[in-house]
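The structure appears right after this line, and notes come after that.
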Amino acid sequence: LADSMPPRESLEITLDIQRQGESVFDGQTSVSQMARGLEELVGWLGRDNSFPNGAFLLTGTGIVPDSDFTLQPGDHVHIHITGIGTLSNIIVQG
Numbered sequence: 004l005a006d007s008m009p010p011r012e013s014l015e016i017t018l019d020i021q022r023q024g025e026s027v028f029d030g031q032t033s034v035s036q037m038a039r040g041l042e043e044l045v046g047w048l049g050r051d052n053s054f055p056n057g058a059f060l061l062t063g064t065g066i067v068p069d070s071d072f073t074l075q076p077g078d079h080v081h082i083h084i085t086g087i088g089t090l091s092n093i094i095v096q097g
């Protein structure tokens, strides 16, 4: 999988939140905008933790709605990374 991916720095990340079929928030960033590089993050986490081959490191998207925005039950959250795919979740009330 790693050999077939585009260069990490070129990976675009998009976030789209839909409510009742309408987009209520969308944003975009790229891996190149991360404050710390992937090697630094993996090195720091790997100091005291072990991870199996194929483990994913989830860092968050870096895309944050305004502070007055609140997810609601039924909202659909889609996070897409170029060359990897889309993670979609439906918000439920706990």
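Sequence positions in the sequence shown follow the working numbering and run 4 to 97.
Glycine included, every Cβ here is placed at the ideal spot set by N, Cα and C.
From the options, pick the residue whose C-alpha is nearest to that of residue i; which is it?
i    : options            : result
S35  : G65, S7, D78       : G65
V67  : M8, I16, P9, P10   : I16
F138 : R22, G97, S7       : Shown here, the chain extends from 4 to 97; a query on residue 138 therefore has no answer.
D6   : Q96, E42, I87, V95 : I87
E25  : R39, V80, G40, G49 : V80
Q96  : M37, G77, I84      : G77
D69  : I82, L48, E42, G30 : G30
I82  : S53, N52, L18      : L18
For residue i, name the three-state secondary structure that DSSP assigns.
i   : result
V27 : strand
S7  : helix
L18 : strand
G65 : coil
To which residues of the same chain is residue i closer than 7 angstroms at the C-beta, ignoring the five residues directly before and after it?
i   : result
V45 : L60
Counting C-beta neighbours from all protein chains within 10 Å, is the total for residue i 16 or more, i.e. buried, or is it exposed?
i   : result
I93 : exposed
Leaving out five residues on either side along the sequence, give the residues of the same chain with a beta carbon under 6 angstroms from the beta carbon of residue i.
i   : result
V27 : I20
Can you tell me which residues form a DSSP beta bridge with residue i?
i   : result
G88 : I84
E12 : DSSP, once it has assigned bridges, lists no residue as partnering E12.
S53 : Per DSSP, none; premise fails for S53.
S33 : E15
I93 : H79
Using beta carbons (cut-off 8 angstroms, strictly below), is residue i in contact with chain B?
i   : result
S26 : Chain labels in this structure do not include chain B; a single protein chain is all it has.
Cutting at 8 angstroms between CB atoms, please list the residues of its own chain near residue i, excluding the five before and the five after it.
i   : result
T62 : M37, L44
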